[in-house]
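Residue numbers (the working numbering), protein chains in the order written: chain H, 1 to 279; chain F, 1001 to 1161. Virtual Cβ for every residue (Gly too), placed ideally from N, Cα, C. Each remark here refers to the structure printed beneath this line.
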Amino acid sequence: MKTYFLILGIGLLTLYQVEAQGHGPIYGLQTPTLAKGGINMNVAGMSIATEDETSYMLRHTLFYGLTEDLQITLTTPTIIERLEKAPRTRGNNMMPANGDIEAALWYRFFSNAFGVGKRFESTAILGVSAPTEDIRGQVNVGNSILGAISTGYASRTWYAWIGGGYQYYFEKNYEQLGDLPYASAVVGYRPNIFMGDYPKPDWRIFIESLAEFPGDNKYTGQANFTDERSKKVLVGPSFLGLYGAWGISFGALFPVVQDLTPGAVKENYRVSLNLSYWL
Amino acid sequence: MKRIALIIVVMVVGSFSSNAQIQKINQEVFGMDCAPCAYGLERGLKKMDGLESVKVSLNDGKAYLELAKNNNLSLRQIQEEVKKNGFSAKKAEIAINGKLVEQDGTYIIQTGKENFAIADETSNSLRSRLKPGVLTVKGIVQDEEDDNLTNNWKLKIIQIY
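Right, here's the structure in full:
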């Protein structure tokens, strides 16, 4: 519990560096918007609990709008407590809950604003990452590339996004983290009580779901590599509050399906808190 | 005598160019759904010289703009700012002061920076009151493609002052 307060405290202290992810969820893929020349800074506290241990970390993320449809992002981790046996996951589809420094391009290739507050849009993401640690989950960890696509609907009342992605880690010292196909689906709703006009505070609720299909890690001394995949589905609520240039989102995910390969680590829950500021 | 005539001409032209301008814009914005979206648009608009007040409403999907007395702003600049923020600028209700001229049977209000052709949808009773010269009108500017904005617009007049 103390550690949660520590994360929250550090998060608040570093608020001037915050980013957020627009109008959307905290775990699932979405279609963030940023004006040309706009800057969006976030600091997130993240935690993953397995059966035996719990990780705590902070993540700082900076988005910059090259155009209204093209953003560049850089995200860096500050690990507070690392997992000895880490489950193979991104933790959060939007930004990793592991020790990777990640840079990505977000291209909104389709956008149709068809009404007051309403739009359909689709975004493609292409990224690269480099680890800040040598070993993750007892395996040498290398650089990675990732690609994802997300499409969604936003209005003043209802929100929905679906997306999918793939992350591939390169081999390092003859060891390699398993690749990771992933997908997400999110539904959001803003109750009437939060329908106050700008600049009044603006809250919305999401039900988020993630599916992950991590391949097995390859490591030295492995008896036999099976090339099998674990299957995980996690579901949970999240909340996003916006006020002027500030945003706060928080949520938790709980596994509803964990069909794991031998040696894969079972998860209990994931918790995230994200603070954002738009410059 | 020549010098006095020149001064008078300069004063007349000068007074027209300083008055010919947009006075008010209620710009419809599609696709703006969140507080930071409104904040970003409001901040972008406030950076523009010539605006007296800016109010953005998420629920109305509109930016309400009062322009300063001697502004040099154009509707195109406003709509480009909307686009720059990732939204779509639709029709706008404006009040303008400009010079009405007739070109090839079409009435056009010129503000110096932009031309507002009087749309066919303008009622006959209002049309019958149009006379070349300086005038102030309120009207609805028709939506144009965000990617192909020019300085030429179509305006349905709803009031002549």
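Residue i by DSSP, collapsed to three states: which one?
i	result
H/G37	coil
H/Y153	strand
F/N1115	strand
F/S959	The requested residue 959 of chain F is not part of the displayed model; chain F covers only 1001 to 1161.
F/D1147	helix
H/L260	coil
H/N192	helix
H/A86	coil
H/Y64	strand
H/V139	strand
H/M57	strand
H/D100	strand
H/G221	coil
H/A124	strand
H/F170	coil
H/V186	strand
F/P1132	coil
H/S47	strand
H/Y198	coil
Just to confirm before moving on: does the CB-CB distance between residue i and residue j stay below 9 Å?
i	j	result
H/G99	H/V141	yes
F/L1126	F/Q1079	no
H/E208	H/P25	yes
F/I1094	F/Y1064	no
H/N92	H/Y64	no
F/E1102	F/G1044	no
H/N217	H/G137	yes
H/E175	H/T220	yes
H/A252	H/V271	yes
F/I1022	F/I1096	yes
H/E81	H/D52	no
H/S184	H/W161	yes
Since residue i and residue j should fall inside the 8 Å C-beta cutoff, what is the C-beta to C-beta distance between them, to a whole number of angstroms?
i	j	result
H/T75	H/R59	6 Å
F/M1032	F/G1050	Not confirmed; about 22 Å, so no contact.
F/V1074	F/N1151	With the sequence shown as reference, residue 1074 of chain F is identified as Ser, and Val is not the correct amino acid for it. So it is a contact: roughly 7 Å between Cβ atoms.
H/F250	H/S238	7 Å
H/G247	F/P1036	6 Å
F/A1020	F/Q1110	7 Å
- Task: Can you check the segment 1032-1119 of chain F for any beta strand (DSSP E) of at least 3 residues that lies completely inside it and give the ranges in chain order?
- Result: 1051-1057, 1062-1067, 1088-1103, 1106-1110 and 1115-1118
- Could you please tell me which residues of the segment 1020-1043 of chain F, in chain order, have their CB closer than 7 Å to any CB of chain H? F1030, G1031, M1032, D1033, C1034, A1035, P1036, C1037, A1038, Y1039 and G1040
- Query: Listed from N- to C-terminal order along the chain, which residues in the segment 56-70 of chain H have their beta-carbon within a distance smaller than 7 Å of any beta-carbon of chain F?
  - Reply: E68
- Of the residues that make up the segment 1074-1092 of chain F, which ones have a beta carbon closer than 8 Å to any beta carbon in chain H? K1083, K1084, N1085, G1086, F1087 and S1088
- Item | Residues, ordered as in the chain, of the segment 193-213 of chain H that lie near chain F by beta-carbon distance below 9 Å | M195, G196, D197, Y198, P199, K200, P201, D202 and R204
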